[in-house]
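As they're listed, the protein sequences go chains A and B.
Under the UniProt record's numbering, the first residue of the first sequence is numbered 1, with each subsequent residue one higher.
Under the UniProt record's numbering, the first residue of the second sequence is numbered 1, with each subsequent residue one higher.
Here's the structure, in structure tokens; my notes come after.
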Amino acid sequence: MDTVRIAVVGAGVMGLSTAVCISNMVPGCSITVISDKFTPETTSDVAAGMLIPPTYPDTPIQKQKQWFKDTFDHLFAIVNSAEAEDAGVIMVSGWQIFRSIPTEEVPYWADVVLGFRKMTKDELKKFPQHVFGHAFTTLKCEGPAYLPWLQKRVKGSRGLILTQRIEDLWELHPSFDIVVNCSGLGSRQLAGDSKIFPVRGQVLKVQAPWVKHFIRDSSGLTYIYPGVSNVTLGGTRQKGDWNLSPDAEISKEILSRCCALEPSLRGAYDLREKVGLRPSRPGVRLEKELLAQGSRRLPVVHHYGHGSGGIAMHWGTALEATRLVNECVQVLRTPAPKSKL
Amino acid sequence: MMRVVVIGAGVIGLSTALCIHERYRSVLQSLEVMVYADRFTPLTTTDVAAGLWQPYLSEPSNPQEANWNQQTFNYLLSLIGSPNAANMGLALVSGYNLFREAVPDPYWKDIVLGFRKLTVRELDMFPDYSYGWFNTSLILEGRKYLQWLTERLTERGVKFFLRKVESFQEVAREGADVIINCTGVWAGALQPDPLLQPGRGQIIKVDAPWLKHFIITHDPERGIYKSPYIIPGLQATTLGGIFQLGNWSETNNIPDHNTIWEGCCRLEPTLKDAKIIGEWSGFRPVRPQVRLEREQLCFGSSNTEVIHNYGHGGFGLTIHWGCAQEAAKLFGKILEERNLLRIPPSHL
């Protein structure tokens with residue numbers, strides 16, 4: 001059996017986790033991760049990494065729930081092991097608070113996280129502007145530790161990691177048999193996908209080690225996420241904004257909104273501004289495509305477009321991407337007169 | 001001139017001094033409060049405590065103690081929203097109480113926030129335990145709180161003196177009208193108290209910032225604090241699980257270190273990566289009930305009032321404010337009896 005040569009484009013959480021899944025689940029492959037950016041310079045490094053999933057309008061709820069559950073289960077196993085600190089995965093409890101009672105009081109992911117329940121009246125007293133809330137325990141998965149941990153696993157399965165900027169997927173032909181496209185916003189160019197656009201997020205990473213709980217306003221605009229060695233304060237959702245430079249006025253405004261929810265943050269020190277561009281799309285693009293140019297053929301599995309739900313959904317979608325890769329591998333290995341794709 | 005001497009500068013001494021000064025300074029012609037202690041922060045018993053607000057599981061023999069616990073929690077909770085909370089050593093913290101079998105809910109379940117039983121998936125995280133609770137409580141870190149109390153008292157002109165008091169008489173002879181006895185586990189040196197015993201504890205402080213929850217295990221056969229516990233503080237995390245009644249050894253010992261380390265690593269395997277910051281021993285001032293009462297002592301021709309406030313076991317921080325307020329009330333009675341009040345005190 002010939003080794004199937006697989007190129008994974010992109011080294012954010014999607015590229016690396018898909019590479020690991022493929023090496024775990026698809027026998028007889030060689031994997032090369034190719035990217036121009038690696039941790040700590042990817043979008044995944046800016047993300048707080050809270051496992052609180054968004055809702056993708058174009059995706060059936062059951063599927064989203066499965067993605068989230070697969071990711072949660074995968075990270076839960078890590079957090080309960082001695083590797084948790086290496087992998088940058090922690091457990092954190094807290095509250096999601098609402099200024100008005102939501103139509104859907106119990107979200108689809110309520111039984112995936114731990115101990116989900118509605119906030120009591122006494123708990124809500126802490127947030128006088130809010131009338132309703134969820135209390136639960138979830139996970140936080142931090143890019144700057146998790147991505148290196150994944151990279152170690154890729155290398156451990158004899159995968160290669162290459163620094164290179166790909167301008168066109170055909171550059172990978174004929175060196176590779178299958179391409180897995182995890183290039184996030186890069187797919188605008190690489191896949192000619194006009195549906196993907198940035199949603200700019202600015203955050204502050206601060207020192208406030210006394211903050212032990214997450215607090216998230218249901219709008220998703222204001223949040224406080226305590227992590228291993230800093231607290232992420234956010235944020236913004238600026239559609240179509242490609243600017244990667246932090247804006248000082250926005251930082252002031254984020255700090256002010258967060259201090260309104262957690263006054264002790266006025267004592268936060270060592271504030272660092274970060275910007276990430278969420279690779280947003282009405283739905284995650286998770287599908288095969290057979291690129292054709294003359295007589296050349298290049299099977300591609302697209303795996304991108306997770307918007308604000310990258311970390312929250314990554315393992316579930318990586319598993320699905322791996323199944324699609326496996327299908328491509330089967331086709332390549334089947335001596336069929338006609339292509340099955 | 002009302003001269004008050006507080007003996008003891010742990011959480012009980014300093015909070016009682018503050019409570020009395022806050023309530024009565026404005027209603028007295030003149031009030032002088034002094035704190036005498038042979039140990040100040042960071043060398044007090046309070047400094048060794050992890051600082052988690054949590055009473056013992058069983059109801060106290062003196063029901064007032066339950067009220068004092070509740071008053072303390074409510075008082076601290078009201079300060080949580082202030083920008084100064086972290087400076088006081090105060091923060092909200094959630095976590096787990098773990099048991100090997102089902103137990104009744106504690107009497108304080110409605111005092112803490114969001115009390116509930118653990119779900120099956122949560123219990124799966126702790127293979128040695130089969131039952132438990134989750135709730136949100138408070139951390140009040142001893143060292144930071146004592147520093148904060150010291151600042152507040154200093155602002156008010158309260159003076160501190162490093163001295164070892166040998167007797168109530170010596171303090172009375174110097175002119176003290178009221179003595180507040182907050183000497184903790186060493187109260188027996190001033191007045192024998194066979195009910196008071198040291199409950200020696202040893203703790204390891206580590207740097208484990210990824211831990212955001214407290215985990216307290218219980219072994220009813222062994223008794224309180226004899227089972228591993230992990231309590232994250234504002235910066236460092238406290239590991240413990242030692243309670244030795246009658247042991248006056250203030251030095252750390254290796255068998256206890258191993259008991260704590262092995263027990264806690266078993267509970268939380270990631271601790272293997274935690275850097276050890278230090279190790280400390282302290283004596284919980286154990287008593288069947290808190291001694292919070294007045295006593296009149298006769299030295300020669302004058303009567304000196306003593307207010308005893310000691311014997312808070314392993315729940316000093318948990319109960320301190322309720323006791324301070326009660327001590328202040330007793331002080332107020334003394335003032336009334338001596339016709340010293342200019343105007344009636346505010347009923348806080």
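By construction, the Cβ of each residue, glycine as well, lies at the ideal position given by its N, Cα and C atoms.
Min CB distance threonine 46/B to chain A below 7 Å: no
Distance between cysteine 19/B and cysteine 323/B (C-alpha atoms, nearest Å): 10 Å
Under 8 Å by beta carbon: chain A residues contacting lysine 212/B: Ile90, Met91, Val92, Ser93, Lys212, His213 and Pro226
Start and end residues, beta strand (DSSP E) containing tryptophan 280/B: Under the DSSP assignment, tryptophan 280/B falls in the beta strand (DSSP E) whose first and last residues are 275-286.
Distance between valine 211/A and threonine 318/B (C-alpha atoms, nearest Å): 20 Å
Simplified DSSP state of histidine 218/B, which is helix, strand or coil: coil
C-alpha distance - methionine 14/A paired with alanine 85/B, whole-angstrom precision: Between methionine 14/A and alanine 85/B, the alpha-carbon positions lie close to 40 Å from each other.
Inter-residue spacing [alpha-carbon to alpha-carbon] between leucine 48/B and glycine 142/B: Looking at the sequence provided, one finds valine at residue 48/B rather than leucine. When rounded, the distance between both Cα atoms is 7 Å.
Whether tryptophan 149/A touches aspartate 86/A by CB criterion (7 Å): Remark: C-beta atoms of tryptophan 149/A and aspartate 86/A approach each other more closely than 7 Å.
Other residues of its chain near cysteine 21/A: CB distance less than 7 Å, five sequence neighbours each side excluded: Ala318, Leu319 and Thr322
Unbroken alpha helix (DSSP H) run spanning valine 11/B, endpoints: Judged by DSSP secondary structure, valine 11/B falls within the alpha helix (DSSP H) whose first and last residues are 11-24.
Candidates Pro128/A, Glu123/A, Gly143/A and Glu142/A: closest to histidine 134/A by CA position: Glu123/A
Run of the alpha helix (DSSP H) containing glutamate 336/B, from where it starts to where it stops: 316-337
Minimum C-alpha distance to isoleucine 61/A - residue among Gln293/A, Gly283/A and Gly294/A: Gly283/A
CA nearest to the CA of leucine 195/B, picked from Leu245/B, Ile7/B and Gly8/B: For the set Leu245/B, Ile7/B and Gly8/B, the Cα lying nearest the Cα of leucine 195/B is the one of Leu245/B.
Any 3 or more C-beta pairs closer than 8 Å across the region 41-61 of chain B and the region 273-286 of chain B: yes
Three or more C-beta pairs below 8 Å linking the region 230-247 of chain A and the region 191-210 of chain A: yes
First through last residue of the beta strand (DSSP E) which encompasses tryptophan 109/A: First-last for tryptophan 109/A: undefined, no H or E at that position.
For asparagine 24/A, the first and last residue of its enclosing alpha helix (DSSP H): 13-25
Against chain A: residues of the region 123-137 of chain B by CB proximity under 9 Å: Asp124, Met125, Phe134 and Thr136
Partners in chain A for threonine 270/B, counting only beta-carbon separations shorter than 7 Å: Near threonine 270/B (Cβ distances below 7 Å), the residues of chain A are Ala82, Ala84 and Glu85.
Coarse secondary structure for isoleucine 80/B, derived from DSSP in three states: helix
Whether methionine 313/A touches tryptophan 67/A by CB criterion (7 Å): yes
Alanine 66/B: contacting residues in chain E (beta-carbon distance under 7 Å): Annotation note: the requested chain E is absent from the structure, which comprises protein chains A and B.
Identity of the residues DSSP links to isoleucine 178/A by a beta bridge: Ile6/A
Contact belief for valine 8/A with glycine 276/A at Cβ below 8 Å, rounded distance in angstroms: Not really, about 21 Å apart at Cβ, beyond 8 Å.
With 16 other Cβ atoms within 10 Å as the buried cut-off, status of proline 335/A: Proline 335/A is exposed by the Cβ-count criterion.
Alpha-carbon to alpha-carbon, arginine 99/A and leucine 234/B: Cα-Cα distance, rounded: 30 Å.
Neighbour-count burial assignment, isoleucine 101/A, 16 or more Cβ in a 10 Å radius: Counting C-beta atoms within 10 angstroms of its own C-beta, isoleucine 101/A has fewer than 16 neighbours from the protein chains shown and is therefore classed as exposed.
Isoleucine 139/B - DSSP class collapsed to helix/strand/coil: The three-state reading of DSSP puts isoleucine 139/B in strand, counting E and B together.
Cβ-heavy atom distance, glycine 51/B to the ligand SAH, below 6 Å: You won't find the ligand SAH in this model; it holds no ligand whatsoever.
Start-end ranges of the beta strand (DSSP E) lying completely within the region 50-122 of chain B, minimum 3 residues: For the region 50-122 of chain B, whole beta strand (DSSP E) runs of length 3 or above, ordered along the chain, are 90-99 and 113-117.
Cross-chain neighbours of alanine 91/B in chain A, by beta carbon under 8 Å: Trp210, Val211, Lys212 and Ser264
N-terminal and C-terminal residue of the beta strand (DSSP E) that arginine 153/A is part of: Run containing arginine 153/A: none in the beta strand (DSSP E); it sits in the alpha helix (DSSP H), 143-156.
Cα-Cα separation between proline 192/B and phenylalanine 214/B, rounded to whole angstroms: 37 Å
Short Cβ contact (7 Å threshold) for phenylalanine 134/B with glycine 115/A: Glycine 115/A is positioned such that its CB atom lies closer than 7 Å to that of phenylalanine 134/B.
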